[in-house]
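Asker: Here you go, one structure.
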Ligand SMILES: C[S@@+](CC[C@H](N)C(=O)[O-])C[C@H]1O[C@@H](n2cnc3c(N)ncnc32)[C@H](O)[C@@H]1O
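In my numbering, the protein residues as written are -1 to 328.
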């Protein structure tokens, strides 16, 4: 396992955006390396609670569909690096699309805040065997939840040329998506496409430099397109857009008036969905107005797509695509 499970993006800005009340109930639907969750827990356990939180016990539910996120947290607690107040913290090993069901299960009718730091963690990219990165030779897997059935190899070997072309266009914004889809369909008539390097060679049909162990040397001019291709497949394997839609609706209904939702997005498709949802309160992004022309959205916008500072990007280059959106329930 690589050393750093994840480095959270815009940690301070996100926690400020949530405006945490020490006695409140919070949900972090994307636990990952636990950076955001631990910062929330610190606020819940503040020795100087606000008057409204005084004497009350705050609660944090952290979701992740990848059991390795929980295993990492357990390892950090066992070696004394982390102290997570167990009476305030509950880990939920589940897809966040089931947020509403889990809150029912825990008898939590409403929440004070919710955080979603979307997509994959550094751990996913840096673990060769998970198949998320074109940098390593590995099975074409890309499942965040390793118990789910469908892998990237299943998609690449079963979707029609049209379905693949649409997928690469929609989720990867790839200009040469159709060409790649055609090349995939041609290549798989010879043999099933099973590994990352097979896909790299099909999408980038030029001689690749000699391999160094498990690493695939990819020329700089191919990196951008390969990143988009792998992103598109990952979004499809994990049904990221479907899960996000279901979670947004549940979050809207669960939030108390005055409660906050903070979302970090990493690509334009998810960012557009979140932006329109927070502006309108619905998935279609239709802004409804009353007789006087006032916006009837259930949210007031607090952060409208804030980006990481140059200093943070210098320290953590993977924060450069992050956008923070925060809204408050009216
Ligand atoms: C960007 S990382 C979150 C990092 C985290 N904020 C931190 O401070 O370390 C996203 C995490 O969310 C998880 N995840 C993504 N989509 C999910 C979903 N639909 N349901 C549950 N977990 C999900 C991934 O497995 C990954 O661990």
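Note that CB positions come from ideal geometry on N, CA and C, so glycine has one too. For clarity, every value in this text was computed on a predicted model and none was experimentally measured.
Using only the alpha-carbon positions, how far apart do residue 46 and residue 98 sit?
Answerer: The sequence position of residue 46 within the chain shown is 48, counting from 1. The sequence position of residue 98 within the chain shown is 100, counting from 1. Annotation note: pLDDT 49 at residue 46 (below 50); position unreliable, coordinate value reported separately. Cα-Cα distance, rounded: 31 Å.
Asker: Looking only at its chain, what residues have a beta carbon closer than 8 Å to the beta carbon of residue 284, apart from the 5 residues adjacent to it on each side?
Answerer: Your numbering for residue 284 matches position 286 in the chain shown. The answer, listed in chain order, is 278.
Asker: On the three-state DSSP scale, how would you describe residue 315?
Answerer: Start at 1 with the first residue of the chain shown, and residue 315 comes out as number 317. If DSSP states are grouped into helix, strand and coil, residue 315 belongs with the helices.
Asker: Under DSSP, the beta strand (DSSP E) around residue 111 begins and ends at which residues?
Answerer: In the chain shown, counting from the first residue as 1, residue 111 sits at position 113. Looking at the DSSP string, the run of the beta strand (DSSP E) that includes residue 111 is 109 to 115.
Asker: Pull up the distance between the alpha-carbon of residue 68 and that of residue 194, whole angstroms please.
Answerer: For the purposes of this step, residue 68 is identified with residue 70 of the chain shown, where counting begins at 1. For the purposes of this step, residue 194 is identified with residue 196 of the chain shown, where counting begins at 1. About 27 Å.
Asker: In the DSSP output, what is residue 195 paired with across the bridge?
Answerer: Counted from its first residue, the chain shown places residue 195 at position 197. In the DSSP output, where bridge partners are listed per residue, residue 195 has none listed.
Asker: Verify whether the separation of the beta carbon atoms of residue 116 and residue 261 is less than 8 Å.
Answerer: For the purposes of this step, residue 116 is taken as residue 118 along the chain shown, with counting starting at 1. For the purposes of this step, residue 261 is taken as residue 263 along the chain shown, with counting starting at 1. Against a cut-off of 8 Å, the Cβ pair of residue 261 and residue 116 comes out as a contact.
Asker: Indicate, with yes or no, if ligand 1 has a heavy atom lying under 7 Å from the CB of residue 4.
Answerer: Start at 1 with the first residue of the chain shown, and residue 4 comes out as number 6. With a cut-off of 7 Å, the C-beta of residue 4 is classified as near ligand 1, since at least one heavy atom of the ligand falls inside that distance.
Asker: Distance check for residue 187 and residue 70, CA to CA, integer angstroms please.
Answerer: Your numbering for residue 70 matches position 72 in the chain shown. Your numbering for residue 187 matches position 189 in the chain shown. When rounded, the distance between both Cα atoms is 41 Å.
Asker: So the beta strand (DSSP E) residue 26 belongs to, where does it begin and stop?
Answerer: As a position in the chain shown, residue 26 is number 28, starting the count at 1. Residues 23 to 26.
Asker: May I have the straight-line CA-CA distance separating residue 358 from residue 151, to the nearest angstrom?
Answerer: Residue coverage of the chain in this structure runs from -1 to 328, which leaves residue 358 outside it and unanswerable.
Asker: Taking the beta carbon of residue 291 as the centre, do at least 16 other beta carbons fall within 10 Å, making it buried, or is it exposed?
Answerer: In the chain shown, the residue the question calls residue 291 occupies position 293. Per the 10 Å Cβ criterion, exposed.
Asker: Can the beta-carbon of residue 272 be found less than 8 Å from the beta-carbon of residue 226?
Answerer: Start at 1 with the first residue of the chain shown, and residue 272 comes out as number 274. Start at 1 with the first residue of the chain shown, and residue 226 comes out as number 228. Not closer than 8 Å, so no.
Asker: Residue 131: beta carbon under 7 Å from a heavy atom of ligand 1?
Answerer: Residue mapping note: residue 131 aligns to position 133 of the chain shown, counting from 1. Residue 131: no, Cβ never under 7 Å from ligand 1.
Asker: Whole-angstrom Cβ separation of residue 304 and residue 11, contact assumed at under 8 Å?
Answerer: The sequence position of residue 304 within the chain shown is 306, counting from 1. The sequence position of residue 11 within the chain shown is 13, counting from 1. Indeed, because the Cβ distance is near 6 Å, the residues count as touching under 8 Å.
Asker: Under 7 Å: does the beta carbon of residue 32 sit that close to some heavy atom of ligand 1?
Answerer: The residue you call residue 32 lines up with position 34 of the chain shown. Because some heavy atom of ligand 1 lies under 7 Å away, the Cβ of residue 32 counts as near it: yes.
Asker: Would you identify the three-state DSSP class for residue 100, choosing helix, strand or coil?
Answerer: For the purposes of this step, residue 100 is taken as the residue at position 102 of the chain shown. The answer is helix: DSSP assigns residue 100 an H, G or I state.
Asker: Quick test of the definition: if touching needs 3 or more C-beta pairs under 8 Å, does the segment 244 to 251 touch the segment 96 to 114?
Answerer: yes
Asker: What three-state label does DSSP hand residue 126 in the structure shown?
Answerer: Position 128 of the chain shown holds residue 126. Three-state result, residue 126: helix.
Asker: Which stretch, first to last residue, makes up the beta strand (DSSP E) that contains residue 263?
Answerer: To locate residue 263, count along the chain shown from 1; it is residue 265. Here the beta strand (DSSP E) through residue 263 covers 253 to 263.
Asker: Tell me the residue span of the alpha helix (DSSP H) that contains residue 85.
Answerer: Position 87 of the chain shown holds residue 85. That residue, residue 85, is in no alpha helix (DSSP H); it is neither H nor E in DSSP.
Asker: Under the criterion of a Cβ to heavy atom distance below 7 Å, does residue 15 qualify as lining ligand 1?
Answerer: The residue given as residue 15 occupies position 17 in the chain shown. Because no heavy atom of ligand 1 lies under 7 Å away, the Cβ of residue 15 does not count as near it: no.
Asker: Let me know the secondary structure DSSP gives residue 7 once reduced to three states.
Answerer: For the purposes of this step, residue 7 is taken as the residue at position 9 of the chain shown. DSSP places residue 7 in coil when its eight states are reduced to three.
Asker: Spatial neighbours of residue 311 within its chain, please: CB distance less than 6 Å, with the 5 preceding and 5 following residues excluded, ordered by chain position.
Answerer: Locating residue 311 in the chain shown gives position 313, counting from the first residue. Cβ within range, chain order: 317 and 318.
Asker: Tell me, please, which residues DSSP counts as bridged to residue 305.
Answerer: Translated into the one-based positions of the chain shown, residue 305 becomes position 307. Bridge partners of residue 305: 321.
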